[in-house]
Every structure is written in structure tokens, then in C-alpha cells.
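Reviewing the structure listed below.
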Amino acid sequence: MSRKNGKPGVMLLTVGTGDEKKREETLYTPLRLSIREGLWSRVILLPSLVTEEWAEEVKRDLAPINVQVRPLPESGDEDDADRCFDHFDRILTELKEEGIESNLMAVDPTRGTKMMSAALTLAAVRHDVPHLRYITGQRDHRGAVVPGTERIAQFKTTRIMVSHRLEDALRLFRHGNFAAVLDLLPDPTHPLTVIHWPEEFHETLSATRALAKFYEAWDRLNHREAHAVGLPDSEALGSAWRRFYPAEDVRAWVEQLALTFPEGNDLVTRKEKKAPYLSRLMVDVWANGLRRIKQKQLEDAVVRAYRVLEMAGQMALFRHGQDSSCLDPEDSVVKSYLERSDKSGNTPLSRNKSGQLMAGRERVTGLLKQLGDPLAKDLIALGNLPIMSARVRNDSVLIHGFQARAPDEGTMRHFYHLLKEKVLIPGCGSKGESWLSIAQTSDFLD
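Taking this note's numbering, the leading residue of the sequence shown gets 493, the next gets one more, and so forth.
See the structure below:
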């Protein structure tokens, strides 16, 4: 067997009985023919207990080649597909644990019982062994190869392996495990991929990885990276993948979020640029948190829920021309709010380095109430629920604490539903429903 890297490999062959009257012609010669065709660091013969002695004869005959005999453990195993498979699977696993790559292995299941041949073939496919060979030639009236006419036929298992790999990748993709898809499907520009994956799959492989990169970056909230992914033509994808190709409105959504947060802090910028940008972002973070719930990552979902509630308040203040990170202490609304806070004994606003006032989430809702914003009431109500308490959020292992604090999945789902109905749809107005739908595009299992 020729290899571009020239490394010796490992050959595994089943050993049968052959014709007892012509064992040299029907067993030994074909085995030696297969073994001598290639560059092997090791040859492993796989006989049954019945044929072990003939395997040992081949081993002696092929010295000094490194030949090992690994017979099936028990009598009768040669007719039990499961026991054959377990034995061959264990040997292939041991070889991989030694550091021998699958592409440096080959199997010849020609000899032995049909159960042995089928089991070795299946074990080879399971371990991504790409090289399968068998002895063929002219057949006699019984269907046996006529001695002296033997030739080696080669078969690549890579097509089967690639198909299975793509199916596994699709299953991971549908569950939102986009990064796992990139780990499972090799980079088509890598030299080993060029060698071991059939060329006809390279375009599909490249297109599928690009699709996974887009969703993986989006799922990490890295909108710039997602937007930068060069999406392929949908026709380059396999038919099972095409329905996941992002529609134009989805690509436009990610493109908008990939923009830099608007510069400037004048009244027009706050109202007409910062507020709309933040509206989209809070919807996207909400959808991201919902996916975390589905993946049982409840601590992450709590942090995202808190951030959505916080952004909703910031967004509403922008619409009033106010910025929670730099409030003007001379502004009439801010002055009025501070006066009321002093009377009620609430914590005053903090100041930034420029002397301007800053408001946290709870103070923002107070300012919105002062402004008569209709969103204030629901923001206050949701912020007062136990799930948003300081103990749940701040004491989470992801913030300041040392253990998980998230409530059960049902409670989390209910809170996200409340965020949608009480904050996102009212806060985004007529665009709310369509934005929510676009942001949930990657929830493929819904």
C-alpha cells in the first residue's frame, strides 16, 4: 500500500482454514501476498482458536517481519458476530492508544468465517481505518478463488466515514453545538484533509464549516466575527444543511449588531442611534440566554437575564435623551429624582471621574418612573422577583459567589417568558415580534 508520507503501517488480517488439502495454495499464499504488498511495521493475524496453528505457521514463514497472532478468545467465537467485533474493536483501540493513526492501518478480512470478515470490516469503519483490501481472482464452480489467479483489490472506507462524520456534525449542529462541528469536521485546507478526505467532499466540507463558524461566532455574541465569515453559496451545502442557511433578514440582523456602538453623547445620538442599537442587542442576548436554558446552562442564563433587564432600562433612558453612565446633575429630572431619593433614604447615585452621575439598574428604573415611562412598572416588578435578587445573581459562581445559584429550569423559562412579554415586545414596539423571531433563528430544535 503506497503512502505519500512513506510511514510504515499496521496490517490486520483474518485467518481462516482454507482448503485442508491445498492449504498452501488456498491460505498461506494469499495471506503472504496481501502482507507483502505494502510497508508494515507490524502485521496482526486474527485467527480463531481452530486456525491459530496455521496463523503461527504464517508468522514463522514471514520472519523477520514483526507478526503478531491475536486469536479470538474462546472456541466458537468465529461464528458470533458480537464477540468477533468486540475482539477486533479492542485490538484497534489498543493500536490507537499506542499513538498509531487510523490512516496508517489497513485490514484484510478475506479469510475466516463470514462473521469474522463482517466484524473486522465494521470495526475498521468504526475506527476510521481508510484502507480495506481483499483477495479476489478467477472463481471456480464453488465460488472460491482459483489458486494462482489471486490479486489484491482495494476499497476505501473514507466515503462511509465522511458520510457518518457529516451526519454526526448535523446532529451536533441542530443541538446548537456549533464549536463541536468545527472540531469534528477538519479544515479542508489542511494537508491531512487533502490526503484522507475524497476531493469530491472538499467543497461541501468548506461550506459546512463556514456555516458552523457563522453560528458559532453569533452564539458567542461576537457579531463582528460572525458577520466577517464568508458564507458560501447555499448550493455548496449538502441538502440536509441547506435549510439552516441564514436568510437575508438574519444576515442583516447580525450585520447591524456587528456595528460599533454609536459614538457621541448628544441628544440625537442617544435617541436615534444608541436606543435602537441597544434594543436589538438586548433581544439578541435574551435569545442567547434562552439557548443556554435549553442546554442546561442555567447560571449563564441568569447572568444574561439580568443583563437584558439592565439593558432594557438603559435603552429606555436613551429614548428620553438620558444616559445612565453620565447623568447631568443639573438636569431637572435628575434633580427631582435625587430630591425624592434623599427623602426616602435611597442610595444616592454614584459619580464618574468627570463628576457626572451614574445609575445602576435599580436607580435607572427609578428614573424611568420619575419620567413616567410605561416600562418602569414592569422593570421594577421583574427586578423584585427572587430570581433577580442579589443572592441569586451576585452570589452566583459566575459573579462573586462560590456555587451555583440558578433556580430550576421551569422557573428560568417562566422568567424569560415574562421578559419577552413585559419588556422586549413593549420595549421594541412594532418590530418586537419580528426581531424576536430572527434572534431565535439558531434554535433549530424548536
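Glycine included, every Cβ here is placed at the ideal spot set by N, Cα and C.
Assignment of H906 by DSSP, reduced to helix, strand and coil, places it in the helix class. F894 has its alpha-carbon roughly 39 Å from the corresponding atom of G813. By a beta-carbon distance limit of 8 Å, A732 contacts L662. Their separation comes to about 6 Å. Relative to the Cα of G568, the nearest Cα in the group L782, T857, D553, S540 belongs to S540. Within the same chain, S594, M653 come within 7 Å of D620 by CB-CB distance, once the 5 residues on both sides are set aside.
In its chain, beyond the 5 residues on either side, T543 have a beta carbon closer than 6 Å to the beta carbon of T509.
Contact check for L751 against M880 fails: the beta carbons are separated by 8 Å or more.
Rounded to whole angstroms, the Cβ separation of G591 and V507 is 26 Å, and the two are not in contact under 8 Å. Rounded to whole angstroms, R528 and K648 show a C-alpha spacing of 19 Å. Excluding the 5 residues flanking it on each side, A699 has same chain C-beta neighbours closer than 7 Å at P724, A728, L729, in chain order. Counting C-beta pairs with one atom in each stretch, the segment 860-875 and the segment 905-925 have three or more that are closer than 8 Å, which means they touch. Judged by pairs of C-beta atoms under 8 Å, the segment 707-714 touches the segment 664-683, as three or more such pairs exist. Comparing alpha-carbon positions, the option among G875, G847, S929, E549 lying closest to V856 turns out to be G875. Fewer than three Cβ pairs drawn from the segment 782-798 and the segment 833-852 lie within less than 8 Å of each other, which leaves the two stretches out of contact. Shown here for S526: same chain residues with a beta carbon closer than 8 Å to its own, the five before and five after excluded, namely M503, L505, D600, T602, R625, I627, I644 in chain order. Inclusion of L749 and A808 in the CB contact set at 8 Å is not warranted, their separation being larger than that value. With a contact defined as Cβ atoms closer than 8 Å, M607 and D571 qualify at about 6 Å. Put simply, the backbone Cα of N558 is about 7 Å away from that of S533. By the criterion of a C-beta distance shorter than 6 Å, A779 is surrounded in its chain by A931, Q932, once the five residues flanking it on both sides are discounted. Taken through DSSP and simplified to helix, strand or coil, V825 comes out as helix. Rounded to whole angstroms, S828 and Q848 show a C-alpha spacing of 16 Å. Inclusion of C920 and V777 in the CB contact set at 8 Å is not warranted, their separation being larger than that value. In this structure, DSSP gives I644 an extended state, which the three-state scheme calls strand. A Cβ-Cβ separation of about 7 Å places W927 in contact with R772 under the 8 Å criterion. The Cβ atoms of A851 and L819 lie closer than 8 Å to each other. A distance below 8 Å separates the beta carbons of G805 and R853. For A616, the secondary structure class from DSSP, reduced to helix, strand or coil, is helix. Rounded to the nearest whole angstrom, the C-alpha separation of G858 and L841 is 11 Å. Taking every protein chain shown into account, the CB of L759 has fewer than 16 other CB atoms within 10 angstroms, so this residue is exposed.
R515 has its alpha-carbon roughly 11 Å from the corresponding atom of L523. According to the DSSP assignment, S698 belongs to the alpha helix (DSSP H) that extends over 694-711. Judged by DSSP in its simplified three-state form, H623 adopts strand. Here D792 has R784 as same chain residues with Cβ atoms under 6 Å from its own Cβ, once five neighbours each way along the sequence are excluded. In the structure shown, the three-state DSSP call for V721 is coil.
I536 has L504, Q560 as its beta-bridge partners, per DSSP. The beta carbon of R701 is closer than 8 Å to those of V673, L674, L677, D679, P680 in its chain, skipping five residues each way along the sequence.
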